[in-house]
Amino acid sequence: MGFTCGIVGLPNVGKTTLFNALTGAHAEASCYPFCTVDPNRGRVPVPDPALEYLGACLRPEKLVPAFMEFLDVAGLVEGASRGEGLGNEFLGHLRAVDAVVHVVRLFRQEDVAHVAGDSDPVRDMELVRTELVLADLEVVERRMERVERVARTGVKEALEERENLAGFQRALSRGTPLRRVLPAVRPGGDAGGGDDRAREWGLLTAKPVLYVLNMDEEQIEDPDPLVEGVRTRLGEADSCLLPVCAKRESEIMDLPPEERARFRQEMQWGGSGLERLVREGFRLLGLITFYTIVGKVVRAWTLPRGASVLHAAGKIHSDMQRGFIKAEVVGFEDFQGAGGEDAARSAGLVRVEGKAYSVRDRDILRIRFR
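855 is the number of the first residue of the sequence shown in my numbering; add one for each residue after it.
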């Protein structure tokens, strides 16, 4: 189990190059707009050293990682919310994703044209944000027209929906993305009210956004001044800005696995693009990882932070949730420190928890159920 990220940005900013670097796919990446027409999809295992350790320690017949899916869609242009370019079609593909990866061009490559004539990362970011706001506003206004008629009759559900829509409409009309006025809309979470509505309607600006700043190889060696310059101009101190050289990442992905690992160990900016993107994606979405040992299968799962072990049991199988009795829990650090499950159990590090227990990051669970 994992999550889905939609990759967006203007044409010719390196979206498909990044997609290929992350997934190892070989989707066409050319220097002309709308090279990507149909969306590219790629599913990759989440890098997980803890799961690798469990595999080496337990030697299961099957080791199953969590997965992350990437959706690479056509470049967005001004007017996409009105159907310019491939606007409406591509925006529709994005409504089901959990998070948005917004690729922004900082690299300097004269033979790759910029749709606006020159590169200005903050202007480009604001253009894309405006188109997503306008697309959401259109969805909200259409729903408001429909619900208004029912709300006049006094139906409670319609009155509540109208109130949510009115709040969304006010924010979007000011150009404010909904993530600024709503708590994070997380996959599988227990959000209420407006959060649930935003998820149900697939509102794009309610989704968490990770800005990927696509740099030259020279720029990526010392990215901090560029990153902070973009952050200051953007005026969003809490925005997540991730510097990446998609070209270099893609070239490394094309190497044999043993050489690829060596190159990535030499990287000085925190691991591969996939590893860093996964870390930021988990943080943005408020996700944790837990592990299960069932028979001869060890599996990694994702879960919203703070969710109960009963919720975790339901992710594994509905029968486990319905017939839940207890969970045997050991933290990964305790498991690793003891040298295995039997040793952790002998040391009293395996706990028995009831259904109200909040699962912690990297917990190892054995669910007992009827």
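For glycine and all other residues, C-beta sits at the position ideal for the given N, C-alpha and C.
Check your understanding: Apart from the five residues on each side of it in sequence, which residues of its chain come closer than 8 angstroms, Cβ to Cβ, to residue 893?
Key -> Taking the sequence shown and counting its residues from 1, the one referred to as residue 893 is at position 39. Counting only Cβ-Cβ distances below 8 angstroms, and skipping sequence neighbours, we find 925, 926, 927, 928, 944 and 947.
Check your understanding: What whole-angstrom Cβ distance do residue 1154 and residue 918 have, given they're in contact under 8 angstroms?
Key -> Sequence index remark: in the sequence shown, residue 1154 carries index 300 (1-based). Sequence index remark: in the sequence shown, residue 918 carries index 64 (1-based). Between residue 918 and residue 1154 the Cβ distance is about 7 angstroms, and since that is below 8 angstroms, they are a contact.
Check your understanding: Roughly how many angstroms separate the alpha carbons of residue 1201 and residue 1219, rounded to a whole number?
Key -> As a first step, residue 1201 is located in the sequence shown; it is residue number 347 there, counting from the start. As a first step, residue 1219 is located in the sequence shown; it is residue number 365 there, counting from the start. Whole-angstrom Cα-Cα distance: 17 angstroms.
**Study point:** As assigned by DSSP and simplified to three states, the class of residue 922
**Key:** Along the sequence shown, read from residue 1 onward, the residue named residue 922 stands at position 68. Strand.
Check your understanding: Of all the options 1009, 1003 and 1025, which has the alpha carbon lying nearest to the alpha carbon of residue 986?
Key -> Locating residue 986 in the sequence shown gives position 132, where the first residue counts as 1. It is 1025.
Practice item. Flag this pair as yes or no: are the beta carbons of residue 1117 and residue 1128 separated by less than 9 angstroms? Key: Counting from 1 along the sequence shown, the entry for residue 1117 is found at position 263. Counting from 1 along the sequence shown, the entry for residue 1128 is found at position 274. Not in contact: residue 1117 and residue 1128 (Cβ atoms no closer than 9 angstroms).
Point to revise | Length of the line joining the Cα atoms of residue 1161 and residue 1053 | key: Within the sequence shown, the letter at position 307 stands for residue 1161. Within the sequence shown, the letter at position 199 stands for residue 1053. One C-alpha to the other measures close to 18 angstroms.
Exercise for review: Give me whichever residues DSSP pairs with residue 956 in a beta bridge.
Suggested key: In the sequence shown, residue 956 corresponds to position 102, counting from 1. According to DSSP, residue 956 bridges with 862 and 1065.
Check your understanding: From what residue to what residue does the alpha helix (DSSP H) around residue 1144 run?
Key -> For the purposes of this step, residue 1144 is identified with residue 290 of the sequence shown, where counting begins at 1. Careful: residue 1144 lies outside any alpha helix (DSSP H), inside the beta strand (DSSP E) at 1141 to 1148.
Exercise for review: In the DSSP assignment, find the unbroken alpha helix (DSSP H) run with residue 1078 in it and report its ends.
Suggested key: Position 224 of the sequence shown, counted from the first residue, corresponds to residue 1078. Residue 1078 -> alpha helix (DSSP H) spans 1078 to 1088.
Exercise for review: Mind reading off the beta-carbon distance from residue 1060 to residue 1033? Whole number of angstroms is fine, and I expect it under 8 angstroms.
Suggested key: Position 206 of the sequence shown holds residue 1060. Position 179 of the sequence shown holds residue 1033. With a Cβ gap of about 6 angstroms, residue 1060 and residue 1033 count as contacting.
Point to revise | Minimum C-alpha distance to residue 1139 - residue among 1150, 1148 and 1158 | key: By 1-based counting over the sequence shown, the position of residue 1139 is 285. Of the candidates 1150, 1148 and 1158, the one whose C-alpha sits nearest the C-alpha of residue 1139 is 1158.
Review point. For residue 1114, is the beta carbon positioned less than 8 angstroms from some heavy atom of the ligand FMN?
Key: Questions concerning the ligand FMN fall outside what the structure shown contains, since it holds no ligand whatsoever.
Exercise for review: Under the assumption that residue 958 contacts residue 1065 (Cβ atoms under 8 angstroms), give the Cβ distance between them as a whole number of angstroms.
Suggested key: In the sequence shown, residue 958 corresponds to position 104, counting from 1. In the sequence shown, residue 1065 corresponds to position 211, counting from 1. That belief holds up - the Cβ atoms of residue 958 and residue 1065 are roughly 6 angstroms apart, short of 8 angstroms.
Check your understanding: Where DSSP assigns a beta bridge to residue 1184, which residues make up the other side?
Key -> For the purposes of this step, residue 1184 is taken as the residue at position 330 of the sequence shown. Partner(s): 1218.
Review point. Which residues mark the beginning and the end of the alpha helix (DSSP H) in which residue 1156 is found?
Key: Here residue 1156 corresponds to residue number 302 of the sequence shown, with the count starting at 1. Counting along the chain, residue 1156 falls outside any alpha helix (DSSP H), though it belongs to the beta strand (DSSP E) covering 1151 to 1158.
Check your understanding: Does the separation of the CB atoms of residue 902 and residue 920 fall below 9 angstroms?
Key -> Locating residue 902 in the sequence shown gives position 48, where the first residue counts as 1. Locating residue 920 in the sequence shown gives position 66, where the first residue counts as 1. In this structure, residue 920 lies closer than 9 angstroms to residue 902 by Cβ.
Review point. Can you tell me whether DSSP reads residue 914 as helix, strand or coil?
Key: If you number the sequence shown from 1, residue 914 lands on position 60. Correct three-state label for residue 914: coil.
Point to revise | CB-CB length for residue 1068 against residue 960, believed under 8 angstroms | key: What you label residue 1068 is simply residue 214 of the sequence shown in a count that begins at 1. What you label residue 960 is simply residue 106 of the sequence shown in a count that begins at 1. Indeed, because the Cβ distance is near 6 angstroms, the residues count as touching under 8 angstroms.
Practice item. Determine the extent of the beta strand (DSSP E) in which residue 872 is found, giving its start and end residues. Key: The sequence position of residue 872 within the sequence shown is 18, counting from 1. From DSSP, residue 872 is part of no beta strand (DSSP E) but of the alpha helix (DSSP H) over 869 to 877.
Check your understanding: Helix, strand or coil for residue 1095 per DSSP?
Key -> Residue numbering aside, residue 1095 sits at position 241 when the sequence shown is read from its first letter. Three-state result, residue 1095: strand.
Review point. Considering only residues of the same chain and omitting the five flanking positions on each side of residue 1179, which have a CB-CB separation below 8 angstroms?
Key: Numbered from 1 along the sequence shown, position 325 holds the residue referred to as residue 1179. The answer, listed in chain order, is 1222, 1223 and 1224.
Review point. With a Cβ-Cβ cutoff of 9 angstroms, do residue 1156 and residue 857 count as a contact?
Key: Translated into positions along the sequence shown, residue 1156 becomes position 302. Translated into positions along the sequence shown, residue 857 becomes position 3. Yes; because the gap between Cβ atoms is below 9 angstroms, this pair is in contact.
Review point. Quick one: what does DSSP say residue 857 is sitting in, helix, strand or coil?
Key: By one-based count along the sequence shown, residue 857 stands at place 3. Residue 857 falls in the strand class under three-state DSSP.
Review point. Terminal residues of the continuous beta strand (DSSP E) containing residue 1194?
Key: In the sequence shown, residue 1194 corresponds to position 340, counting from 1. Note, residue 1194: premise wrong, no beta strand (DSSP E); not H, not E.
Check your understanding: Pick from 996, 1082, 1164 and 1030: whose alpha carbon is nearest that of residue 1016?
Key -> Within the sequence shown, residue 1016 is the residue found at index 162, counting from 1. Among 996, 1082, 1164 and 1030, the Cα nearest to that of residue 1016 is on 996.
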